[in-house]
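What follows is a set of notes on a single structure, which appears directly below.
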Amino acid sequence: MTLNGEKIDLRALEPEDLDFLYTIENNESFWEISHTQTPFSKYILKQYLENAHLDIYEAKQLRLLIEEKSTKKQIGMIDLFDFNPQHKRAGVGILIHPKFQEKGFASKALSILINYCFTHLNLHQLFANITLDNAKSISLFTKHNFKKVGVKKDWILSEGKFKDEVLYQLIKD
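Below is the structure:
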């Protein structure tokens with residue numbers, strides 16, 4: 049039960065998650081971190097859910113829903129992207145719905161995902177790309193021993209201004 053925690057579970061996306069996914073993907077405050085510029089239709093998201101069964105080795109990514117164990121409420125999503133089995137690495141992204149932020153859910157989800165990646169996927173390293181002004185994400189990833197390894201200058205254009213993006217890595221001992 050690697051993807052289960054004490055208070056949350058990470059699980060595959062289901063067709064019933066369409067409304068939650070639609071709400072999250074069309075929340076413009078998340079577009080900067082998801083590199084989105086246009087809204088998603090329910091039709092497109094339904095097609096995405098229909099293909100969400102693809103294996104991580106085929107799709108090179110994995111999106112898991114973060115669900116509160118006791119209430120079965122959808123809290124957010126945690127993603128593996130740029131999965132590279134040859135070099136044993138993947139990127140990590142996490143998004144928590146605003147009403148569930150600052151309650152420790154992101155930390156619990158990241159801890160479960162790290163264990164899953166190093167135990168079941170046999171990865172050597174994980175990485176995260178975080179804008180320099182995203183103090184909550186920097187705090188989250190450094191709490192889980194991700195180390196700052198580089199800065200990409202003027203990497204993200206947001207609201208007419210360029211932002212630096214920091215690369216964090218967690219390398220398995």
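Each residue of the sequence shown is one higher than the one before, counting from 49 in our numbering. Even for Gly, the Cβ is constructed at its ideal location relative to N, Cα and C.
Of the residues the options, the one placed nearest residue i, counting alpha carbons only
{"i": "E54", "options": "S89, P133, T119, W203", "result": "T119"}
{"i": "I126", "options": "E115, Y96, Q134, N99", "result": "E115"}
{"i": "L188", "options": "T71, I144, H135, D103", "result": "I144"}
{"i": "L169", "options": "L128, Y70, N177", "result": "L128"}
{"i": "K6", "options": "F68, F88, G141", "result": "Nothing can be reported for residue 6: it is not among the residues displayed for the chain, which extend from 49 to 221."}
{"i": "P19", "options": "K184, Q109, H135, K136", "result": "Nothing about residue 19 can be reported from this structure: the residues present for the chain run from 49 to 221 only."}
{"i": "A134", "options": "V140, Y164, S155, H172", "result": "First, the residue type needs correcting, since residue 134 is Gln and not Ala in the sequence shown. Selected option, being the one with the closest Cα: H172."}
{"i": "Y164", "options": "K117, A176, G208, L110", "result": "L110"}
{"i": "S155", "options": "T190, K117, K108", "result": "T190"}
Environment of residue i [buried if 16+ CB atoms lie within 10 Å]
{"i": "Y216", "result": "buried"}
{"i": "E106", "result": "exposed"}
{"i": "I123", "result": "buried"}
{"i": "V197", "result": "exposed"}
{"i": "A100", "result": "buried"}
{"i": "S206", "result": "exposed"}
{"i": "I104", "result": "exposed"}
{"i": "E150", "result": "exposed"}
{"i": "E73", "result": "buried"}
Anticipated Cβ contact below 8 Å, residue i with residue j, distance rounded
{"i": "F153", "j": "I56", "result": "6 Å"}
{"i": "E213", "j": "K200", "result": "5 Å"}
{"i": "A138", "j": "F131", "result": "4 Å"}
{"i": "L66", "j": "I160", "result": "In fact, because the Cβ distance is near 24 Å, the residues do not count as touching under 8 Å."}
{"i": "I204", "j": "F210", "result": "7 Å"}
{"i": "L97", "j": "L61", "result": "6 Å"}
{"i": "L58", "j": "L93", "result": "L58 to L93, Cβ: 20 Å. No contact."}
{"i": "L174", "j": "I162", "result": "7 Å"}
{"i": "I178", "j": "A157", "result": "I178 to A157, Cβ: 16 Å. No contact."}
_Every unbroken beta strand (DSSP E) within the stretch 166-193, with a cutoff of 3 residues, ordered by chain_ = Counting whole runs of 3 or more residues, the stretch 166-193 contains the beta strand (DSSP E) stretches 173-179.
*Identify every run of the alpha helix (DSSP H) within the stretch 95-120, keeping only runs that are complete inside it and at least 4 residues long; order them along the chain.*
Every alpha helix (DSSP H) of 4 residues or more that sits fully in the stretch 95-120 is shown, in chain order, as 104-107.
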